[in-house]
Amino acid sequence: MTTLARATGTWLKASYSNGNTGDCVELRCSTDLGPDAIRDSKNTGGPVLPFSERATAAFILWAGEKYGEEAKARLLASKSARKDL
Numbered sequence: 155m156t157t158l159a160r161a162t163g164t165w166l167k168a169s170y171s172n173g174n175t176g177d178c179v180e181l182r183c184s185t186d187l188g189p190d191a192i193r194d195s196k197n198t199g200g201p202v203l204p205f206s207e208r209a210t211a212a213f214i215l216w217a218g219e220k221y222g223e224e225a226k227a228r229l230l231a232s233k234s235a236r237k238d239l
């Protein structure tokens, strides 16, 4: 894991986690292209798994197919919200 992979970006936790258990993953959104890394929310200083823009696009398509258009819309909305930060 590189230092760069941990250094920048906003980490987003799944809304389904309710913040109660800590048993969740977080997505890092460091650009307006969408998520580009994932980590364990219980170990935020631990390893970070970076992934490419192509993998991000595949994930968004998969989420839309598996969980419906609502999940896809949420991912894309979080991308738009980051532009306002």
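Take 155 as the starting number for the sequence shown in our numbering and just add one per residue. Heads up, the beta-carbon is just placed ideally off N, CA and C, and yes, glycines get one too. No experiment lies behind these values; they were computed from the predicted model shown.
Next item on the list: Please determine, among R182, R228, K167, the residue with the shortest C-alpha to C-alpha distance to L203.
Entry: As a first step, residue 203 must be located in the sequence shown, where it is residue number 49. The closest CA to that of L203, considering only R182, R228, K167, is found on R182.
Margin query: Counting C-beta neighbours from all protein chains within 10 Å, is the total for P189 16 or more, i.e. buried, or is it exposed?
Written below: Position 35 of the sequence shown, counting from 1, holds the residue named residue 189. Buried, since its Cβ has 16 or more Cβ neighbours within 10 Å.
Check: Nearest-angstrom Cα distance between T210 and V179?
Finding: For the purposes of this step, residue 210 is identified with residue 56 of the sequence shown, where counting begins at 1. For the purposes of this step, residue 179 is identified with residue 25 of the sequence shown, where counting begins at 1. Cα to Cα, the separation comes out at about 15 Å.
Next item on the list: Output the distance between the C-alpha atoms of R193 and E224, rounded to the nearest integer angstrom.
Entry: Here residue 193 is taken as the residue at index 39 of the sequence shown, counted from 1. Here residue 224 is taken as the residue at index 70 of the sequence shown, counted from 1. Roughly 23 Å between the two C-alpha positions.
Item checked: Distance between beta carbons of F205 and A191, contact taken as under 8 Å -> By 1-based counting over the sequence shown, the position of residue 191 is 37. By 1-based counting over the sequence shown, the position of residue 205 is 51. A191 to F205, Cβ: 7 Å. Contact.
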